[in-house]
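Order-wise, the sequence lines are chains D and L. Quick note: the first sequence uses numbering that gives the first Met the number 0, first residue 0, plus one each step. Quick note: the second sequence uses numbering that gives the first Met the number 0, first residue 0, plus one each step. Ideal Cβ positions, reconstructed from N, Cα and C, are used throughout, including at glycine. Source: prediction; values computed, not measured. Contents: one structure, followed by commentary.
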Amino acid sequence: MTELASSRTARRIGRGLLAIVVAFPVIWVLFIASGTSFGPAVSDPKDFLITLLNGITAAALYFVVASGFTLIFGLMRVVNMAHGAFFLLGGYIALDIQRNMVGGGGGLGLSSAQVGLSQWLLPLLAAAAIVGGVGLLMQQLFLRWNQGQDLRQALITIAVSIILADQMLAHYGGIAKDISWPRTFDKFVNLHVSGVQYTFTRLVILIIGIAIGAALWLWLKRTRTGMVIRAGVDDRDMVSAMGINIQLTFAIAFLVGSALAGMGGVIGGSFASLAPGVDANWLLNSLVVVIIGGMGSLGGAAIGALLLGLTTNFAAAYLPSDYTFYSIIFTFVLLAIVLAVRPLGIFGRPA
Amino acid sequence: MTLDRSVGLVFVVVAVLAPLIFSDYWVATLLTQALFLGIVAASLIFLSAYGGMVSLAQVGIYGIAGFALGNLTTNGNTKGLNLGWAEAPGVLVALLIAVLVALLFGALANRSYGIYFLMITLVFSVIANLFFGQVTSVSGFGGISGIPIPDFISRTAHPDRLYLATLAIAGLVYLALRYVARTPFGLTLQGIRDDPVRMSSLGYKVALHRTLAFTFAGFIAAVGGILFVWWNAQIAPSTIGLGATIDVLVIAVIGGLFQLEGAWLGALVFVLLNNYAQDVSFIGDRFHTLIGLVFLVIVLVSPSGLMGLWQRAVAGRPRAERADSAEAAGPAGLKPAG
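Here is the structure:
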């Protein structure tokens with residue numbers, strides 16, 4: 000009895016601490032925010048709104064990339080450590096295709112005035128398809144016959160990522176390059192709230208993120224393949240015993256998951272830039288998102304992406320100016336809080 | 000004396016006599032590097048072989064020790080805090096900081112198993128790297144340079160001294176890891192590796208043991224970090240990035256994730272490949288493609304690394320079989336509990 004009571008008290012204290020840790024940043028941003036360049040949200044709603052939108056749009060891109068990672072993991076228990084390399088590969092492929100379509104753009108790159116909508120969309124789709132193919136190839140060549148040995152599979156994907164990263168460095172060099180947005184996207188829109196003029200490209204990212212989320216959700220919940228995937232997540236052997244070709248399902252999931260990394264790379268390369276090291280950052284982002292949200296869960300990827308996007312953007316904007324550099328710590332704090340409360344992530348379930 | 004021991008003895012004798020046998024470049028650059036990289040890889044192999052935990056945070060902790068030492072012992076003219084301490088207290092405090100961070104990391108990851116553990120520790124390592132890249136008051140992008148080395152082991156005093164000191168420390172690390180594995184703590188850890196649920200029902204504090212093992216391995220990695228900083232005289236975020244993290248994993252896997260000796264064997268192979276591959280015309284700067292291919296082949300052919308190959312080559316002896324059967328089942332710690 001007493002032990003039960005004491006564990007209950009401990010849990011209550013834990014929850015209290017958690018509430019403080021969560022509430023303090025909210026109060027700080029809304030009412031205090033001293034020493035920051037913006038000031039508290041109540042007196043500066045415009046910058047608050049922009050930071051909020053930045054966080055949500057960043058989350059949309061995190062989600063696109065991490066959903067591919069989590070799809071593969073959920074079904075096959077494969078941690079695809081080459082996901083970041085696939086992201087970068089997708090970006091570089093789209094860059095090549097775009098420059099070929101538009102012509103020129105050598106040293107300084109293209110300006111968005113030169114680029115039409117199709118000259119962005121086609122590279123996006125082509126890069127996604129090619130990277131999906133590369134992922135499928137990796138799965139069929141190296142992973143398929145190592146099923147169930149999750150550490151070995153993770154090591155294999157690490158080996159592939161080392162080779163890919165080095166080859167990309169050889170072909171594309173160390174200088175940052177970026178894919179150009181089409182001219183239709185390169186504008187500001189008036190949101191008619193506190194007079195905020197917001198970059199349209201970020202809204203495009205948000206729309207793509209939502210569209211991909213909705214498409215994945217419909218695919219998983221409403222189609223036969225999706226049903227098999229969900230069943231496979233719960234019990235692969237049983238699905239296989241029912242006479243369903245689970246290997247085909249694995250292949251499809253790997254294709255789609257890798258294609259999402261490639262697509263993310265094109266968006267990321269348009270939004271920021273492509274350079275060696277970007278692959279590591281995006282592997283980190285994907286890992287953090289799925290560790291927070293729970294491995295293998297699409298909803299978890301969405302929640303994880305949102306938490307990471309908001310945390311990084313608010314930390315960068317609302318830390319006192321002298322301490323802005325410390326914003327990386329908040330990613331760690333977010334991860335630490337989630338792991339302390341739910342070691343398998345917010346929506347994580349034991350395998 | 001078994002064949003294993005004789006071969007091991009030959010390696011030790013050659014290592015001790017290396018300054019008499021090899022050129023200064025080999026001793027001061029290649030072999031010293033292999034020894035401290037081996038120490039870091041040994042900390043990884045210790046966790047993997049005895050605790051079933053494949054940790055990618057070792058390079059992060061190694062970097063934290065290195066950066067702490069850099070901040071504490073430099074005196075002006077470089078980035079960082081330039082506290083200008085003497086070496087001895089600097090080393091102690093740097094090790095202490097790294098061990099405390101390892102304790103924190105371990106406490107956060109102690110309920111994660113297998114690939115979850117791998118991913119979480121990788122995130123720790125990358126965050127440590129980004130931290131030093133971004134926080135300009137302790138380092139910033141360019142890192143800390145001109146970190147002093149104690150006079151009695153400095154290369155200016157005598158070219159071989161740092162090598163011999165590193166060799167002695169590597170020997171101590173090896174013995175310490177072997178010893179800890181045989182203590183009641185180490186045996187409990189191996190029990191947890193094989194079956195955490197049963198150990199927990201037997202009344203062992205599973206999470207605590209895993210945390211302490213991680214902290215201890217963190218200390219070993221930190222020792223490697225100190226030696227690295229003394230050898231290199233500088234440390235930058237790029238030297239502890241994802242690339243370095245993976246390099247140490249590659250070393251451990253090439254050597255063999257299931258045996259401590261593999262750490263130094265893997266490190267030697269890695270360092271030699273790194274150094275001599277660029278002289279081969281078709282490889283040139285593409286060292287990482289080569290190492291990636293070597294890594295891929297090793298993982299596909301012999302997941303227990305060169306040590307595993309060696310044991311298989313010297314006839315199917317019980318030890319080799321044990322490593323293989325452990326793999327077939329997937330080392331127990333690699334399964335999520337429950």
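Item to check | C-alpha gap between histidine 191 of chain D and phenylalanine 199 of chain D, whole angstroms | outcome: The straight-line gap from Cα to Cα measures roughly 14 Å.
Checklist entry - Using a beta-carbon distance cut-off of less than 7 Å, what residues from the segment 117–132 of chain L approach chain D? => result Residues of the segment 117–132 of chain L that bring their beta carbon within less than 7 Å of a beta carbon in chain D comprise Leu117, Met118, Ile119, Leu121, Val122, Val125, Ile126, Leu129, Phe130, in sequence order.
Next on the checklist: With a threshold of 8 Å on Cβ separation, who are the neighbours of isoleucine 302 of chain D within its own chain once the five nearest residues in sequence on each side are excluded?
Outcome noted: Ile291, Gly292, Ile345, Phe346
Item to check | isoleucine 327 of chain D: contacting residues in chain B (beta-carbon distance under 7 Å) | outcome: As a matter of chain content, chain B is missing from the structure shown, whose protein chains are D and L.
Checklist entry - With 16 as the cutoff for other CB atoms within 10 Å, does asparagine 53 of chain D come out buried or exposed? => result buried
Item to check | Proximal residues of chain L, C-beta to C-beta of valine 78 of chain D below 8 Å | outcome: Ile114, Leu117, Met118, listed in chain order.
Next on the checklist: Tell me whether leucine 299 of chain L, by its Cβ, gets closer than 6 Å to a heavy atom of the ligand GDP.
Outcome noted: Questions concerning the ligand GDP fall outside what the structure shown contains, since it holds no ligand whatsoever.
Checklist entry - Taking Cβ-Cβ distances below 8 Å as the criterion, which residues of the segment 326–346 of chain D are in contact with chain L? => result The segment 326–346 of chain D vs chain L, Cβ under 8 Å: Ser326, Ile327, Ile328, Thr330, Phe331, Leu334, Ala335, Leu338, Ala339, Pro342, Leu343.
Checklist entry - What residue does the beta strand (DSSP E) around asparagine 81 of chain L start on, and which one ends it? => result No beta strand (DSSP E) holds asparagine 81 of chain L; DSSP gives it neither H nor E.
Next on the checklist: Can you tell me whether tyrosine 343 of chain L is buried or exposed? The criterion is at least 16 other CB atoms within 10 Å of its CB, across all chains shown.
Outcome noted: Within the shown structure, residues of chain L are numbered from 0 to 337, placing residue 343 of chain L beyond reach of any answer.
Checklist entry - What is the residue span of the beta strand (DSSP E) that asparagine 189 of chain D lies within? => result 187–189
Next on the checklist: My assumption, with CB atoms under 8 Å, is that isoleucine 38 of chain L sits in contact with glutamine 258 of chain L. Please give the rounded CB distance.
Outcome noted: That belief does not hold up - the Cβ atoms of isoleucine 38 of chain L and glutamine 258 of chain L are roughly 15 Å apart, past 8 Å.
Checklist entry - According to a CB-to-CB cut-off of less than 9 Å, which residues of the segment 142–157 of chain D neighbour chain L? => result Asn145, Gly147, Gln148, Asp149, Leu150, Arg151, Gln152, Ala153, Leu154, Ile155, Ile157
Checklist entry - How would you call proline 18 of chain L, buried or exposed, if buried means at least 16 neighbouring beta carbons within 10 angstroms? => result Proline 18 of chain L counts as buried, since at least 16 other C-beta atoms from the protein chains shown sit within 10 angstroms of its C-beta.
Checklist entry - What distance in whole Å lies between the Cβ atoms of glycine 59 of chain L and serine 124 of chain L, which are believed to be in contact at a cut-off of 8 Å? => result 3 Å
Item to check | Buried or exposed (CB count within 10 angstroms, at least 16 for buried), arginine 359 of chain D | outcome: Nothing in the structure corresponds to residue 359 of chain D, since chain D is present only between 0 and 350.
Checklist entry - How would you label aspartate 284 of chain L, buried or exposed, when you count the other beta carbons within 10 angstroms and need 16 or more for buried? => result exposed
Checklist entry - chain L partners of leucine 309 of chain D, CB-CB under 7 Å? => result Simply none; closest approach about 18 Å.
Next on the checklist: Would you call the segment 26–34 of chain D in contact with the segment 256–272 of chain D, where contact means no fewer than 3 C-beta pairs closer than 8 Å?
Outcome noted: No, they do not touch.
Checklist entry - DSSP puts lysine 176 of chain D in a beta bridge; with which residues? => result D/Leu273
Item to check | At least three beta-carbon pairs within less than 8 Å, the segment 150–166 of chain L to the segment 224–235 of chain L | outcome: yes
Next on the checklist: From the DSSP secondary-structure annotation, give me the bridge partner or partners of tyrosine 197 of chain D.
Outcome noted: D/Val188
Item to check | Minimum Cβ-Cβ distance from arginine 110 of chain L to chain D less than 7 Å | outcome: yes
Checklist entry - Can you list, in chain order, the residues of the segment 43–54 of chain D whose Cβ is nearer than 7 Å to any Cβ on chain L? => result Result list empty, no residue passes.
Checklist entry - How would you label glutamine 152 of chain D, buried or exposed, when you count the other beta carbons within 10 angstroms and need 16 or more for buried? => result Buried: at least 16 other Cβ atoms inside 10 Å.
Item to check | Integer-rounded CB distance, given that glycine 225 of chain D should sit under 8 Å from tryptophan 218 of chain D | outcome: 5 Å
Next on the checklist: Assuming tyrosine 369 of chain L and glutamine 189 of chain L are in contact, meaning their beta carbons sit under 8 Å apart, how far apart are those beta carbons, in whole angstroms?
Outcome noted: Missing from the structure shown is residue 369 of chain L; chain L here goes from 0 to 337 and no further.
Checklist entry - What span of residues does the alpha helix (DSSP H) with lysine 45 of chain D cover, start to end? => result DSSP places lysine 45 of chain D in the uninterrupted alpha helix (DSSP H) bounded by 44–75.
Next on the checklist: Is there a Cβ of chain D sitting closer than 7 Å to that of valine 196 of chain L, yes or no?
Outcome noted: No, valine 196 of chain L lies away from the interface with chain D (no Cβ there is under 7 Å from its Cβ).
Checklist entry - Taking the alpha carbon of arginine 209 of chain L as the point to measure from, which residue in L/Pro236, L/Tyr112, L/Pro302, L/Gln277 has its own alpha carbon closest? => result L/Tyr112
Next on the checklist: I need the straight-line Cα distance from leucine 150 of chain D to isoleucine 114 of chain L, nearest angstrom please.
Outcome noted: Counting only the Cα atoms, isoleucine 114 of chain L lies some 6 Å from leucine 150 of chain D.
Next on the checklist: At the level of alpha carbons, what is the spacing between isoleucine 92 of chain D and isoleucine 19 of chain D?
Outcome noted: 46 Å
Checklist entry - What three-state label does DSSP hand isoleucine 345 of chain D in the structure shown? => result coil
Checklist entry - Is it the case that the Cβ atoms of leucine 307 of chain D and valine 287 of chain D are separated by a distance below 7 Å? => result Going by C-beta atoms, leucine 307 of chain D is nearer than 7 Å to valine 287 of chain D.
Checklist entry - Excluding sequence positions up to five away, which residues of its chain have a Cβ less than 7 Å from the Cβ of serine 301 of chain L? => result Gly307, Leu308
Checklist entry - Counting contacts by CB-CB distance shorter than 7 Å, is proline 236 of chain L in contact with chain D? => result Using a Cβ-Cβ cut-off of 7 Å, proline 236 of chain L does not count as an interface residue toward chain D, since no Cβ of chain D sits closer than that to its own.
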